[in-house]
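These protein sequence lines map, in sequence, to chains A and B. Residues in the first sequence are numbered consecutively from 1, following UniProt numbering. Residues in the second sequence are numbered consecutively from 1, following UniProt numbering. Every residue, glycine too, gets a C-beta built ideally from N, C-alpha and C. Nothing here was measured: the structure is a model prediction, and the numbers come from that model.
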Amino acid sequence: MAAAEQRMGGAMADVKAQRVRDLLSSYYGNNDDAASDTPETPSETSRAPSKHTAGGLDSLNFDADRYLSQLLRQARLKALMQKHIEMSMEIKTLDSDMQNLVYENYNKFISATDTIRAMKSNVGNMDTSMASLKEMIESVADRSGAVNAKLQTRRDHIEELSQVRSLLQKLQAVFELPKQLKVAIDAGALEVAVNSYADAAPLLKRYGHKGAFRKVAAESGECAKRLTALLRQRLVQNNDEAAECIQMVRKLGGPIESLQEDFLHCMQKRMTGILDTAAGIMPAVLASESTSATATAEARQKAEASWGVAKDQTLTLHQYAVQLDQRFLSELSQTGALFSELFGSSGRAQLVKVTRSAFSEYLKLLRSVLEGAATGYARSSAGALSGSRNTGNVEAPKDWGAGAVAEALHTISTDVPRIHSILPELSASDRGTELVEKVVRHHISACFGSLESSAVALVEAAGAKLSEGAGRETSAQPLAQAHTEITTVLARGLKAVVRALKGYQQRQWSLLSWQDVFVDRLQGQLQHMLLSLLSRFLQLTGTAVQAGSELAKALPDAGTSTVDTQDASTSGRGSGEGADVVSQPPGVLLLLARVCTFLETEAVVQVMETLASTFPGQGGGSGGDQPPAFVAGTVARVAGATSSRLLDEYVAAQGARLSLTGGAAGAPSTAGGGGAASVSTTQSYASPSGNAMERNVARLFTDHVSLFGEVQFTAASILAAVTCAGLKAFVEMVRLQTLNRAGMQQLQLDVHYLRPFLRRHASGAEGAAIHHLLDEVVAAAVERSTEPQLLDAALMDKILASAKRSPADMIDMT
Amino acid sequence: MPERGVTYGLKYQARSLAAVRAGDKRSRWLVGTVSLREENEVQLLQYDPDKETIELAASYQHDHEIWQLLPHPAEAAKLLTVRNRGGQYSANPESLVSLEEGNIRTWSLQASGAKMTADSSPGDMTQLWAGCWNPFNQQTFYTADANNLQVWDLRSLKVVAEVQGAHSAPVRDVDSSKQREHLLISAGDDAKVRYWDMRQGSKAQPLAETSTHRHWVWQARFNPVHDQLVLSCSSDALVSLTYNPGLMGPSPSGQQKGTSAGQDAVSRSFDDHEESVYGVAWSHGDPWVFASLSYDGRFVVNKVPGQIKYKILI
Numbered sequence: 001m002a003a004a005e006q007r008m009g010g011a012m013a014d015v016k017a018q019r020v021r022d023l024l025s026s027y028y029g030n031n032d033d034a035a036s037d038t039p040e041t042p043s044e045t046s047r048a049p050s051k052h053t054a055g056g057l058d059s060l061n062f063d064a065d066r067y068l069s070q071l072l073r074q075a076r077l078k079a080l081m082q083k084h085i086e087m088s089m090e091i092k093t094l095d096s097d098m099q100n101l102v103y104e105n106y107n108k109f110i111s112a113t114d115t116i117r118a119m120k121s122n123v124g125n126m127d128t129s130m131a132s133l134k135e136m137i138e139s140v141a142d143r144s145g146a147v148n149a150k151l152q153t154r155r156d157h158i159e160e161l162s163q164v165r166s167l168l169q170k171l172q173a174v175f176e177l178p179k180q181l182k183v184a185i186d187a188g189a190l191e192v193a194v195n196s197y198a199d200a201a202p203l204l205k206r207y208g209h210k211g212a213f214r215k216v217a218a219e220s221g222e223c224a225k226r227l228t229a230l231l232r233q234r235l236v237q238n239n240d241e242a243a244e245c246i247q248m249v250r251k252l253g254g255p256i257e258s259l260q261e262d263f264l265h266c267m268q269k270r271m272t273g274i275l276d277t278a279a280g281i282m283p284a285v286l287a288s289e290s291t292s293a294t295a296t297a298e299a300r301q302k303a304e305a306s307w308g309v310a311k312d313q314t315l316t317l318h319q320y321a322v323q324l325d326q327r328f329l330s331e332l333s334q335t336g337a338l339f340s341e342l343f344g345s346s347g348r349a350q351l352v353k354v355t356r357s358a359f360s361e362y363l364k365l366l367r368s369v370l371e372g373a374a375t376g377y378a379r380s381s382a383g384a385l386s387g388s389r390n391t392g393n394v395e396a397p398k399d400w401g402a403g404a405v406a407e408a409l410h411t412i413s414t415d416v417p418r419i420h421s422i423l424p425e426l427s428a429s430d431r432g433t434e435l436v437e438k439v440v441r442h443h444i445s446a447c448f449g450s451l452e453s454s455a456v457a458l459v460e461a462a463g464a465k466l467s468e469g470a471g472r473e474t475s476a477q478p479l480a481q482a483h484t485e486i487t488t489v490l491a492r493g494l495k496a497v498v499r500a501l502k503g504y505q506q507r508q509w510s511l512l513s514w515q516d517v518f519v520d521r522l523q524g525q526l527q528h529m530l531l532s533l534l535s536r537f538l539q540l541t542g543t544a545v546q547a548g549s550e551l552a553k554a555l556p557d558a559g560t561s562t563v564d565t566q567d568a569s570t571s572g573r574g575s576g577e578g579a580d581v582v583s584q585p586p587g588v589l590l591l592l593a594r595v596c597t598f599l600e601t602e603a604v605v606q607v608m609e610t611l612a613s614t615f616p617g618q619g620g621g622s623g624g625d626q627p628p629a630f631v632a633g634t635v636a637r638v639a640g641a642t643s644s645r646l647l648d649e650y651v652a653a654q655g656a657r658l659s660l661t662g663g664a665a666g667a668p669s670t671a672g673g674g675g676a677a678s679v680s681t682t683q684s685y686a687s688p689s690g691n692a693m694e695r696n697v698a699r700l701f702t703d704h705v706s707l708f709g710e711v712q713f714t715a716a717s718i719l720a721a722v723t724c725a726g727l728k729a730f731v732e733m734v735r736l737q738t739l740n741r742a743g744m745q746q747l748q749l750d751v752h753y754l755r756p757f758l759r760r761h762a763s764g765a766e767g768a769a770i771h772h773l774l775d776e777v778v779a780a781a782v783e784r785s786t787e788p789q790l791l792d793a794a795l796m797d798k799i800l801a802s803a804k805r806s807p808a809d810m811i812d813m814t
Numbered sequence: 001m002p003e004r005g006v007t008y009g010l011k012y013q014a015r016s017l018a019a020v021r022a023g024d025k026r027s028r029w030l031v032g033t034v035s036l037r038e039e040n041e042v043q044l045l046q047y048d049p050d051k052e053t054i055e056l057a058a059s060y061q062h063d064h065e066i067w068q069l070l071p072h073p074a075e076a077a078k079l080l081t082v083r084n085r086g087g088q089y090s091a092n093p094e095s096l097v098s099l100e101e102g103n104i105r106t107w108s109l110q111a112s113g114a115k116m117t118a119d120s121s122p123g124d125m126t127q128l129w130a131g132c133w134n135p136f137n138q139q140t141f142y143t144a145d146a147n148n149l150q151v152w153d154l155r156s157l158k159v160v161a162e163v164q165g166a167h168s169a170p171v172r173d174v175d176s177s178k179q180r181e182h183l184l185i186s187a188g189d190d191a192k193v194r195y196w197d198m199r200q201g202s203k204a205q206p207l208a209e210t211s212t213h214r215h216w217v218w219q220a221r222f223n224p225v226h227d228q229l230v231l232s233c234s235s236d237a238l239v240s241l242t243y244n245p246g247l248m249g250p251s252p253s254g255q256q257k258g259t260s261a262g263q264d265a266v267s268r269s270f271d272d273h274e275e276s277v278y279g280v281a282w283s284h285g286d287p288w289v290f291a292s293l294s295y296d297g298r299f300v301v302n303k304v305p306g307q308i309k310y311k312i313l314i
């Protein structure tokens with residue numbers, strides 16, 4: 001029941017809403033109702049009639065008559081009654097609803113109409129006020145424009161005035177500029193002066209030719225000039241501020257190009273200063289025998305003062321190179337960098353020129369230091385070897401200085417390429433390599449050179465010893481001793497040097513690209529040294545080599561061989577040694593000849609062995625088809641030739657000595673006085689011309705006697721050669737005289753006396769020459785005699801026998 | 001094998017040889033014998049380059065031994081002979097210088113005879129051996145005494161410069177270049193020939209030195225046309241021809257150059273003689289021909305080897 005009631009209530013509400021909607025739609029004239037219901041069939045459910053009734057009533061197809069008749073037919077009275085009540089009630093409610101609607105909406109219609117009416121009138125008003133507003137705004141704009149225009153002129157004026165004011169302020173500064181500049185200059189504040197001038201410069205440039213400015217411009221120009229001058233002065237004086245000075249001058253508008261030169265000059269001065277300092281310190285590193293102790297001490301002090309080397313620290317070659325590189329190369333690269341920064345690429349040629357010259361100086365200095373050191377090392381080592389010379393204050397390094405030099409070279413060869421990026425024009429790497437090469441080469445030649453000079457010094461010492469003992473009867477003792485010394489020094493020295501220089505090879509990095517030819521170079525120098533030693537021997541004794549001979553070609557130019565290693569000490573050779581030549585006693589010649597033989601037979605072999613063991617399988621391979629640098633055969637051959645040449649010279653020297661005495665002895669004979677004059681028995685030549693013919697015929701049948709043949713290395717051969725030279729001189733002396741009978745006979749007697757003495761030296765082929773020459777003396781005497789009457793041989797023996805008994809007579813006779 | 005020279009034999013020993021300067025372009029020489037006890041003679045020898053023979057053109061008797069011959073520079077028919085020490089004709093045929101021990105004299109030659117014009121006795125010069133004129137200056141005369149060389153001013157007859165110790169033994173001969181003034185060679189008993197620039201005066205150092213001989217060098221002579229060529233002869237019986245192309249001669253710095261230049265020198269020795277050679281002389285007619293004379297009277301004419309000749313010509 002409850003559900004039915006609810007359903008009923010709901011149906012009631014639906015009906016109501018539907019009704020209101022229908023009303024509204026009808027009110028607004030919306031007649032087409034969506035509810036096009038088919039007439040409700042009475043077969044529907046109980047509640048359907050109410051619904052149908054309502055719906056039917058509202059639908060368009062509702063037929064009131066049919067509905068009424070249907071209802072009258074189907075419904076009972078009670079129901080009809082009920083229906084009637086219901087309908088009247090519905091009508092009543094509808095009427096009230098209608099009434100409500102009308103009432104409710106009426107006010108709204110009224111007010112809406114009112115509003116619309118008000119709106120209509122308001123809009124009409126607005127149009128006019130808008131027009132007036134527009135008008136007003138236009139007039140305002142006009143006014144404002146007028147005001148603006150009026151103000152503009154004022155404003156311009158003000159602006160102009162303010163500009164003038166600032167200009168005046170500036171001008172004020174300009175007028176004060178000269179004073180300021182002066183003050184600044186006097187105070188030394190050049191930077192301030194430069195800045196203020198630079199600020200004012202454009203103004204002065206523009207107005208400088210007008211009115212009052214003229215004075216100011218002139219004065220400040222003056223100041224600027226002074227400033228430039230001062231700056232330039234400072235540039236020159238105070239090298240450290242070069243770059244700043246140049247910047248300032250540029251600000252002053254000075255010509256930069258002219259400064260370029262000053263700048264370069266100043267940088268050059270700085271670099272030169274560094275190099276000079278380094279050169280001053282050089283002796284401290286070298287400390288070789290050529291520098292005195294005081295010079296070393298001074299240099300030492302310099303090193304402490306300017307390089308800050310600690311007092312107790314020794315300055316090694318390597319440190320020296322490091323220090324110098326640090327200073328110089330950084331300066332050089334700084335110069336290059338500054339220059340590019342300041343001047344760009346203009347005038348680079350000038351820069352390159354200056355830096356190149358400085359760089360060359362630097363290389364030169366390094367080279368002289370390194371070479372000096374190398375020479376010093378080599379000398380002291382050689383001195384230590386020979387033990388005869390006290391060499392300076394350097395300890396003789398075991399490796400002949402190879403280690404020290406190699407280290408320094410390494411420093412240089414790594415440092416030098418650094419400047420390549422800044423100054424590629426200097427081709428620093430190449431020159432560095434060149435330096436290394438030169439120094440190593442020098443070191444090699446210095447080592448050999450020192451060895452050579454040690455040997456030569458020993459020779460000279462031996463010579464001096466011989467000269468000292470010249471008055472007394474000289475024994476062969478000093479010669480033999482000297483020979484042993486020299487050969488020992490040479491043998492040990494050659495080995496030691498080759499071993500020591502191997503040190504370079506162990507430090508291959510220091511040789512750079514040059515290491516390939518190093519061994520060749522070493523061997524070449526070795527050969528050169530031996531040859532130059534030989535040529536030195538010849539030179540020492542004043543022995544001239546026949547020009548164009550094989551020996552002359554094989555020997556190096558004696559002057560050039562060792563000049564670079566001997567520097568100051570023997571620079572005066574060549575001409576200076578001409579004096580020494582005479583003083584060398586002939587014994588030295590013999591000694592040197594022996595030494596040459598030693599070189600030929602033993603030293604060369606030894607050197608070959610040393611080379612082979614030190615550089616196995618190296619040398620001569622660099623060029624492939626090049627011959628090896630050390631040719632033992634050549635050295636041996638030249639040594640042999642030199643040795644025989646020296647021997648010849650020894651013979652000549654001894655012969656010359658004999659000639660002099662021979663001349664002296666011959667002289668009294670010409671006077672004709674003497675014991676032989678009393679000889680009674682004479683043997684006359686039948687005919688002197690016949691005698692000459694006889695001799696000529698005899699000569700035809702004897703072999704041509706060679707007076708000046710090859711001298712062998714035997715005592716007999718040497719003695720015979722010396723005798724020949726002496727006797728030949730005797731012959732020549734006699735031929736220049738004119739003799740009387742007594743003089744001729746005296747000569748004959750002299751020869752007769754000499755003959756048995758000389759026979760001892762006269763054996764074999766040499767002996768024939770001596771006899772021939774003795775005959776020749778007598779023949780010459782006969783030829784040059786006015787009375788060619790010879791003494792009997794028996795008589796001569798008698799005279800000589802008596803002379804032996806009483807030596808006083810003998811003296812009287814001769 | 002080098003070409004042998006053409007030889008000619010004299011009867012006696014001979015020391016003096018001189019080229020005849022005057023006359024045509026034939027190669028002619030005078031030789032004089034030196035024999036104490038025999039009659040000496042002067043022979044005029046002529047070389048025929050086509051037949052390569054030596055002919056005796058003339059022969060003159062001479063009473064005394066001949067130590068030196070001085071043909072007249074202009075007249076072929078005249079010559080002076082010297083019996084003892086040396087003398088020198090100047091290019092000017094009227095004047096002459098004679099040397100003797102400790103004495104030097106100048107002479108003026110007239111048709112009537114010789115007249116001594118000046119005389120000086122440098123007492124200590126006891127070994128005045130040789131002398132020669134400066135061909136460019138008639139007032140300058142070079143002499144050699146003992147080991148030293150002197151330069152004389154003939155106007156005052158005084159020594160103006162002296163090179164001490166020019167050789168280590170007595171100097172036998174000097175000769176001056178006909179092409180380059182002041183260039184002098186000296187030869188000495190030390191078996192060396194040395195080149196000098198006499199402008200260096202007393203401080204002169206040898207420009208170059210050749211030592212091709214083994215005994216005393218008696219004479220050294222410049223070629224009259226090419227002074228790079230020098231002949232020298234020695235008592236080792238050799239004649240030596242030296243070609244010294246690099247010799248810079250008279251230049252103040254010439255010493256270094258000269259020494260190094262001396263290295264290029266080429267020498268040739270001629271061994272045609274068996275005795276001491278005392279004289280050499282270039283032909284006056286042909287600059288490539290020269291003669292030499294040894295003590296045994298052998299006179300040899302030789303030619304400059306083609307190798308050296310072409311070096312000079314080409």
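Taking the beta carbon of E732/A as reference, the chain B residues within 7 angstroms of it are W216, S235 and S276, listed in sequence order. Against chain B, the CB of A729/A has a partner CB under 9 angstroms away; the residue lies at that interface. Contact note: A191/B reaches chain A through A652 and A656, using a C-beta cutoff of 9 angstroms and chain order. Residues of the region 778-792 of chain A with a C-beta atom less than 8 angstroms from some C-beta of chain B are E783, R784, S785, T786 and P788, listed in chain order.
In this structure, R367/A sits away from V459/A, with a CB-CB distance that is not shorter than 9 angstroms. Between the C-alpha atoms of V194/A and I185/A there is a straight-line separation of about 9 angstroms. Contact of A482/A with chain B by beta-carbon distance below 7 angstroms is absent, the smallest such distance being about 24 angstroms. Between the region 334-348 of chain A and the region 427-445 of chain A there are fewer than three inter-stretch CB-CB distances shorter than 8 angstroms, so the stretches are not counted as touching.
The beta-carbon separation of N40/B and H64/B, rounded to 7 angstroms, stays under the 8 angstroms limit for a contact. Assignment of Y295/B by DSSP, reduced to helix, strand and coil, places it in the coil class. With respect to chain B, the C-beta atom of A593/A has no partner C-beta closer than 9 angstroms. In this structure, DSSP gives P135/B a state outside helix and strand, which the three-state scheme calls coil. When C-alpha distances from H528/A are compared across R594/A, V604/A, G124/A and E371/A, the shortest belongs to V604/A.
Burial is judged here by how many other beta carbons sit within 10 angstroms of a residue's own beta carbon; V416/A has at least 16 and is buried. With fewer than 16 other Cβ atoms inside 10 Å of its own Cβ, A58/B counts as exposed.
By DSSP's assignment, C596/A forms no beta bridge with any residue. Flagged as an interface residue toward chain A: Y295/B, by a C-beta distance shorter than 9 angstroms. When Cβ pairs closer than 8 angstroms are counted between the two stretches, the region 370-384 of chain A is seen to touch the region 401-416 of chain A, the count reaching three or more. Shown here, F630/A sits in coil according to DSSP, grouped into three states, outside any helix or strand.
With a threshold of 9 angstroms between beta carbons, R735/A makes contact with chain B. Annotated three-state conformation of P178/A is helix, per DSSP.
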